[in-house]
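Numbers given in our numbering equal positions in the sequence shown, counted from 1, plus 142. To start, the structure itself, in structure tokens.
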Amino acid sequence: MFNSKTPNYSKANNVKYYLEGIPARRWRYLNKASYSVYIRLKKENNSDKDIIEYLTEKYINRICSNSINDIASDLRRLYITAVKKNESLKDLKDWFYKKNLSYDSKNEIWELVTTGKIEPSSTIEKWKKIDGTDNFYISNNGNFRKKVKDQVLDYIYPKPYPKKRYNKDKKCNRIIMHIKIEGQEYSAAKLVSTHFIPNPHKHKNTYLLMVILEI
């Protein structure tokens, strides 16, 4: 699930909760789940396994109005996880076939999932050129790369760095990841939201944008 080139923000941000080996907020973003629901379930002393099953089922129910490929892509991720953990694929199939979809759609999706004709959703990394730069790119996973002229490498991967933010009382109240591009300093989270979230200025709570990079 977690790209090996994804920067590690856990030390800079004192991450308290983890799911499947990555920060819970990062997991929430990759799996399109609700972090507030996760916190509630965690405080109720539910196991990580039960929490993951609950959040995943809520998401699958929520996307049933999406396209066949969207649903298959998400189910493919669950399928791969089940194979790696040696869990019952029959249980996964039975669980999926209870969803509110036509039988033909379920069969089509299950075929895509089991034959590997669809990529799992959480491993799809999309890149866009950063506006106003010559050769810098950003991905929907919050990674950065720079195209270089090299006989061996096509790209190098600059890493964001933590920068303290202060409130009006001059007390550090959060840490935000920044990155320097062509001599200019940018908020990494803002770059992600600008390039991958439609109309980010409409979000009243900017925190929703910043959790993308585990702030």
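For each residue, glycine too, the CB sits at the ideal point set by N, CA and C.
Asked	Found
C-alpha distance - E327 paired with L333, whole-angstrom precision	11 Å
Simplified DSSP state of I339, which is helix, strand or coil	coil
Boundaries of the alpha helix (DSSP H) in which E250 is found, first to last residue	Y245 to T257
In chain order, each alpha helix (DSSP H) run of at least 4 residues that lies wholly inside the segment 171 to 244	177 to 185, 190 to 204, 210 to 226 and 231 to 238
Beta-ladder partner(s) of E327, from DSSP	K322
CA nearest to the CA of S189, picked from A330, K305, I339 and L161	L161
Where K291 falls: helix, strand or coil (DSSP)	coil
Proximity winner among Y299, V255 and S244, relative to W269 (alpha-carbon distances)	Y299
For Y221 and T198, believed in contact at Cβ under 8 Å, the rounded distance	About 12 Å separates the two Cβ atoms, so there is no contact after all.
Reduced DSSP category for S332 - H, G, I as helix; E, B as strand; rest coil	It should be noted that the sequence gives Lys, not Ser, for residue 332. In the structure shown, K332 sits in a helix (DSSP, three-state: H, G or I).
Contact check, I280 vs H337, beta carbons under 8 Å	yes
Which listed residue (G258, G163 and E253) has its alpha carbon closest to that of Y239	E253
Rounded straight-line distance, which links the Cα of P302 to that of K322	8 Å
From K227, S263, N228 and S178, residue whose alpha carbon lies closest to that of L217	S263
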